[in-house]
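Residue numbers (UniProt numbering): 1 to 120.
By construction, the Cβ of each residue, glycine as well, lies at the ideal position given by its N, Cα and C atoms.
The structure appears right after this line, and notes come after that.
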Amino acid sequence: MLRCSFGAAPAVLVVPPRNTTSARRPVATVQDIRPVVNIPTFGMCASPLNPAVVAATAAAAGVPTPAPCVPAIAAPWVPGSPTVRVNRQPALTAASTCVCRWSGMVTVVNAGQRSVRVGG
């Protein structure tokens, strides 16, 4: 489960079926950032930097007005796992975050996986 600091609702990360699994659940990587494909909408966006929010606010005579969220992730998740790789990419961790172009911080609020100890 993901949350955006400017989003109105949580969203479920969509992990490609081609990824490795752990306990029969897919494991995401730092590259799983595609809007709508991996990171679905967070409902409504309240970022004052989002052009749709700016337009909606202007149309409402300056009253801050959210607009539909369309995630615009600018870069991979950070940090990735220093020890676990999936398809040659660092695996996503519960501490990973990514940033939307409209300055929303996307965080993992529930990884859906139990901690896995790697190594000896």
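Asked: CA nearest to the CA of proline 64, picked from Val70, Ala56 and Ala11; Found: Ala56
Asked: Proximity of alanine 67 and alanine 94 at Cβ, strictly below 8 Å; Found: no
Asked: Test item: CB-CB of glycine 43 and alanine 9 under 8 Å; Found: yes
Asked: Threonine 29 - containing beta strand (DSSP E), residue span; Found: Looking at the DSSP string, threonine 29 is not in any beta strand (DSSP E), and its letter there is neither H nor E.
Asked: Selection from Ser5, Thr83, Pro35 and Gly80 that minimises the alpha carbon distance to alanine 72; Found: Pro35
Asked: Alanine 91 - DSSP class collapsed to helix/strand/coil; Found: strand
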